[in-house]
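Colleague: I have a structure I would like to understand better, so I am pasting it below and will then ask my questions one at a time.
2 protein chains.
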Amino acid sequence: MPEIRHDPLLDRWVIIAPERAKRPQEMPPAEPTAQAQPCPFCEGNEKETPPELWARRDGRGAGPDSPGWTVRVVPNRFPALTTSSPVRHEHTGLLKSIQGVGAHEVIIESPGHEDGLADLPPSHLQSVLEAYRLRLRAAYQDSRLAYALVFKNHKGPAGASLYHPHSQLIATPVIPQNVRLKLETALKHNARTGTCLLCSLLHQERTSGTRVILEADGFIALAPFASRFPYEVMIAPVRHMPDFTDMRNEDLLGLAGMLKDILQRLKMALDDPPYNYFLSTAPNPAALEQEEWDAAHLKSAGHWHLEILPRQRPPAGFEWGSGFHINPGIPEDAAQHLREIGTKRGE
Amino acid sequence: MPEIRHDPLLDRWVIIAPERAKRPQEMPPAEPTAQAQPCPFCEGNEKETPPELWARRDGRGAGPDSPGWTVRVVPNRFPALTTSSPVRHEHTGLLKSIQGVGAHEVIIESPGHEDGLADLPPSHLQSVLEAYRLRLRAAYQDSRLAYALVFKNHKGPAGASLYHPHSQLIATPVIPQNVRLKLETALKHNARTGTCLLCSLLHQERTSGTRVILEADGFIALAPFASRFPYEVMIAPVRHMPDFTDMRNEDLLGLAGMLKDILQRLKMALDDPPYNYFLSTAPNPAALEQEEWDAAHLKSAGHWHLEILPRQRPPAGFEWGSGFHINPGIPEDAAQHLREIGTKRGE
Chain A
1 MPEIRHDPLL DRWVIIAPER AKRPQEMPPA EPTAQAQPCP FCEGNEKETP PELWARRDGR
61 GAGPDSPGWT VRVVPNRFPA LTTSSPVRHE HTGLLKSIQG VGAHEVIIES PGHEDGLADL
121 PPSHLQSVLE AYRLRLRAAY QDSRLAYALV FKNHKGPAGA SLYHPHSQLI ATPVIPQNVR
181 LKLETALKHN ARTGTCLLCS LLHQERTSGT RVILEADGFI ALAPFASRFP YEVMIAPVRH
241 MPDFTDMRNE DLLGLAGMLK DILQRLKMAL DDPPYNYFLS TAPNPAALEQ EEWDAAHLKS
301 AGHWHLEILP RQRPPAGFEW GSGFHINPGI PEDAAQHLRE IGTKRGE
Chain B
348 MPEIRHDPLL DRWVIIAPER AKRPQEMPPA EPTAQAQPCP FCEGNEKETP PELWARRDGR
408 GAGPDSPGWT VRVVPNRFPA LTTSSPVRHE HTGLLKSIQG VGAHEVIIES PGHEDGLADL
468 PPSHLQSVLE AYRLRLRAAY QDSRLAYALV FKNHKGPAGA SLYHPHSQLI ATPVIPQNVR
528 LKLETALKHN ARTGTCLLCS LLHQERTSGT RVILEADGFI ALAPFASRFP YEVMIAPVRH
588 MPDFTDMRNE DLLGLAGMLK DILQRLKMAL DDPPYNYFLS TAPNPAALEQ EEWDAAHLKS
648 AGHWHLEILP RQRPPAGFEW GSGFHINPGI PEDAAQHLRE IGTKRGE
């Protein structure tokens with residue numbers, strides 16, 4: 001059974017999940033292959049996954065776990081965490097752990113094995129984003145789950161083990177370290193200035209313009225000032241919005257258009273690079289007490305955003321030891337290049 | 348020129364180093380090769396590196412930058428940071444940066460292209476550790492440098508770009524996030540209990556024994572309770588010792604023996620895996636003021652240690668987004684396996 005262990009030296013958590021060692025190794029980092037036989041995520045192979053949690057069918061198909069879907073959500077067959085067990089905290093001397101509880105789901109982005117997000121129509125990406133919104137809401141129905149992270153691994157060097165386009169959601173009973181750091185930083189800024197840190201930052205970036213890649217439909221894409229990786233991109237709503245699950249359908253369509261556009265530009269600029277993306281959004285209100293955070297304060301301080309990290313080189317000892325990243329690329333140059341790709345396409 | 352940028356959302360730093368993009372790509376992650384022509388780190392090719400900062404010669408050879416050395420330290424030719432410029436802090440709205448200053452050195456571990464640390468005699472590893480000690484001391488002569496991290500990247504998937512065995516040292520004008528978190532956690536524990544956190548943890552681990560791999564010559568190797576990676580190993584002195592640079596020569600020989608032994612066991616257990624290691628030690632006393640830390644307090648709370656991270660899978664979106672690691676291996680099983688390898692060798 002998976003277990004969440006506390007690292008007493010760094011005051012952070014690690015998931016120990018031996019089940020994960022059994023997952024198929026279709027795509028080891030060194031030799032990506034395009035074919036798994038049979039691919040459990042392809043249309044027609046629905047019986048190869050656990051029963052679906054949600055799917056968009058638009059009136060087609062014969063019902064759950066059969067063909068006819070456009071986006072489909074299933075539990076991960078090799079979960080890092082499972083929801084089936086009660087939370088059990090253990091404590092031996094300096095060592096703390098939490099047994100079991102958590103969610104791990106797979107969002108299968110399209111029925112076709114080769115249909116990458118960059119090449120699907122915006123309306124299809126909208127359904128993927130709708131799945132994110134629905135599954136985040138579902139996770140937060142469970143008051144044991146403090147935070148749910150939606151993320152995507154594209155290609156082996158970015159940690160993908162299956163080729164078929166998919167995202168994942170992992171929900172944990174503690175707020176993860178990076179999420180906590182971000183929220184604490186935002187809360188401190190808010191307490192000091194009365195403003196939202198990301199709203200202020202976006203205002204400054206839009207005024208300067210050098211790192212802005214694109215702005216449309218109420219969303220902005222930019223190369224962060226302190227990008228950890230070359231061609232890192234952040235997408236955020238221009239107006240203050242703490243919680244991704246508050247997005248309306250028309251907002252999702254605007255975001256879908258921007259996400260597709262940015263993924264296409266990255267694909268052109270870097271020859272379809274491996275990448276990760278992940279969504280930073282509000283924690284489960286049920287979990288605020290454990291952090292002594294105030295819901296109203298968090299609503300003025302938090303602002304959801306999506307980070308896209310192209311992964312052309314593995315992190316090394318310096319990164320692990322320091323938490324510092326060395327980025328050989330200049331964010332302003334990346335922003336300019338990605339802007340120009342838009343121009344070349346005749347925009 | 349390299350620049351250190353502050354990430355306002357996570358309150359941490361990133362090094363933007365465009366010079367690094369020019370370094371040779373002998374060893375891309377996917378296709379490691381054993382030959383570079385000519386390898387700048389091989390004996391006889393001393394002119395291919397910047398002038399050496401230190402070398403162990405034992406009376407052989409014709410002087411600096413010529414053959415006859417066993418361990419050699421040179422400035423990195425493609426530095427992430429350089430010491431040549433004055434510290435210049437910049438600040439525009441929410442965005443902060445520090446221009447330039449820092450050190451980046453390469454510790455060439457042996458004159459031979461194929462002589463890996465696991466296979467060299469302990470006396471040779473002792474010279475490598477002596478180089479670490481000397482270069483850490485030299486870095487801390489510069490009061491602009493707050494922390495120096497010694498680390499090693501073994502093989503392409505662990506971030507190595509050259510095959511010839513080498514370690515590196517990077518010194519930064521700010522204390523890196525992970526180092527700060529560790530020291531803060533240790534200081535908090537010390538303020539609460541009056542004890543050193545790592546001393547207490549080692550006591551608990553030695554009593555339980557399930558995660559101990561080896562203990563000898565005053566050093567202990569164990570599989571950390573919350574290991575981030577399968578077969579992660581920590582080596583530390585059993586008795587309280589805050590600063591690696593206080594190690595005496597006979598201590599270095601004991602540590603060299605243990606390091607060689609552990610690297611050999613990992614090589615046998617995992618078929619010569621890619622790995623990173625790095626040293627956590629005391630910051631530059633000259634930098635304590637910027638953190639409002641007390642030197643005496645830090646001396647009772649800090650305890651140097653070396654972490655070895657085998658790197659069989661790349662980190663993925665969940666790790667980047669959460670700071671949480673998912674480890675498919677059980678630390679107690681890894682400890683047992685690594686203990687048994689010692690027994691099989693007839694110990």
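Chains as they are written, first to last, in the working numbering: chain A, 1 to 347; chain B, 348 to 694. Idealized CB from N, CA, C, for every residue including glycine. Since we're looking at a predicted model, the values are computed, not measured.
(1) Which residues, in order along the segment 647–678 of chain B, keep a beta-carbon less than 8 angstroms from a beta-carbon of chain A?
(2) What's the call for A:GLU90, buried or exposed, on a 16-neighbour Cβ count within 10 Å?
(3) Look at the Cβ atom of B:MET581, then the Cβ atom of B:HIS652, and state whether they are nearer than 8 angstroms.
(4) Listed from N- to C-terminal order along the chain, which residues in the segment 478–511 of chain B have their beta-carbon within a distance smaller than 7 angstroms of any beta-carbon of chain A?
(5) List, in order along the chain, the chain A residues whose C-beta lies closer than 9 angstroms to that of B:ASN623?
(6) Just to confirm before moving on: does the CB-CB distance between B:PHE591 and B:THR532 stay below 8 angstroms?
(7) State buried or exposed for A:ASP58, treating a residue as buried only when at least 16 other CB atoms are found within 10 Å of its CB.
(8) Count the other CB atoms, across all protein chains shown, that sit within 10 Å of the CB of A:GLU114; report buried if there are 16 or more and exposed otherwise.
(9) Under 7 angstroms Cβ-Cβ, which residues of chain E neighbour A:ASP272?
(10) Between B:THR430, B:HIS471, B:SER413, B:PRO458, which lies nearest to B:ALA485 when the distance is taken from Cα to Cα?
(11) Taking the C-alpha atoms as reference points, what is the distance between A:LEU53 and A:VAL73?
(12) I want to know whether the segment 317–329 of chain A touches the segment 200–219 of chain A - three or more CB-CB distances under 8 angstroms.
(13) How is B:ASN500 classed by DSSP in three states: helix, strand or coil?
(14) Return the chain-ordered ranges of every beta strand (DSSP E) run that is complete within the segment 486–574 of chain B and spans a minimum of 3 residues.
(15) List the whole-angstrom C-beta distance separating B:LEU483 from B:ALA495, where the pair is believed to meet the contact cut-off of C-beta under 8 angstroms.
(16) Quick check on this structure: which residue in B:GLY449, B:ASP354, B:HIS511 has the alpha carbon closest to the alpha carbon of B:TYR487?
(17) Please name the residue in A:GLN336, A:LYS267, A:GLU105 whose C-alpha comes closest to that of A:ASP119.
(18) Quick check: B:PHE576 and B:ARG491, are their CB atoms within less than 8 angstroms of each other?
(19) Classify A:SER97: buried if its beta carbon has 16 or more other beta carbons within 10 angstroms, exposed otherwise.
(20) With DSSP collapsed to three states, give me the class of A:PRO2.
(21) Are the C-beta of A:PRO18 and some C-beta of chain B separated by less than 8 angstroms?
(22) Quick one, which residues of the segment 390–423 of chain B are near chain A if we go by CB-CB under 7 angstroms, in chain order?
(23) For B:ASN596, count the other beta carbons within 10 Å of its own beta carbon; 16 or more makes it buried, fewer makes it exposed. Which is it?
(24) Please report how far the alpha carbon of B:ALA538 lies from the alpha carbon of B:PRO349, in whole angstroms.
(25) Roughly how many angstroms separate the alpha carbons of A:LEU270 and A:PRO315, rounded to a whole number?
(26) What does the alpha-carbon distance come out to for the pair B:GLU636 and B:ARG527?
(27) Does any residue of chain B have a CB that is nearer than 8 angstroms to the CB of A:GLY102?
(28) Note down, in chain order, every chain B residue with its Cβ under 8 angstroms from the Cβ of A:TRP13.
(29) Using a Cβ cut-off of 8 angstroms (strictly closer), state whether B:ALA381 contacts chain A.
(30) In the DSSP assignment, the beta strand (DSSP E) including A:LYS260 goes from what residue to what residue?
(31) Please tell me whether A:ARG206 has its Cβ less than 8 angstroms away from any Cβ of chain B.
(32) Run through DSSP, which three-state label would A:ALA30 get?
(33) List the residues of chain B whose Cβ lies closer than 8 angstroms to the Cβ of A:LYS344, in chain order.
(34) Hey, how far is the Cα of B:PRO589 from the Cα of B:LEU599?
(35) Identify the residues that DSSP records as bridge partners of B:ILE673: which are they?
(36) Note down, in chain order, every chain B residue with its Cβ under 8 angstroms from the Cβ of A:THR185.
Modeller: By the coordinates alone:
(1) GLU654, LEU656, ARG658, ARG660, PRO661, PRO662, ALA663, GLY664, PHE665, GLU666, TRP667, GLY668, SER669, GLY670, PHE671, HIS672, ILE673, ASN674, PRO675, GLY676, ILE677, PRO678
(2) exposed
(3) yes
(4) LEU496, PHE498, LYS499, ASN500, PRO504, ALA505, GLY506
(5) PRO315, ALA316, GLY317, PHE318, GLU319, TRP320, GLY321
(6) no
(7) exposed
(8) exposed
(9) Absence of chain E from the displayed structure is noted, the protein chains being A and B.
(10) B:THR430
(11) 5 angstroms
(12) no
(13) strand
(14) 494–501, 513–519, 559–563, 566–569
(15) 5 angstroms
(16) B:GLY449
(17) A:LYS267
(18) no
(19) buried
(20) coil
(21) yes
(22) none
(23) exposed
(24) 38 angstroms
(25) 18 angstroms
(26) 13 angstroms
(27) no
(28) ALA573, PHE671
(29) Summary for B:ALA381: the model assigns pLDDT 48, below 50, so the residue's position carries little reliability; its value from the coordinates is reported in the next sentence. Not closer than 8 angstroms to any Cβ of chain A, the Cβ of B:ALA381 fails to qualify, so no.
(30) That residue, A:LYS260, is in no beta strand (DSSP E); its alpha helix (DSSP H) goes 249–270.
(31) no
(32) In this predicted model, A:ALA30 has a pLDDT of only 43, less than 50, meaning its place in the structure is not dependable enough to derive any value.
(33) Residues of chain B passing the Cβ test: none, with the nearest at roughly 23 angstroms.
(34) 15 angstroms
(35) A:ILE15
(36) PRO355, LEU356, LEU357, ASP358
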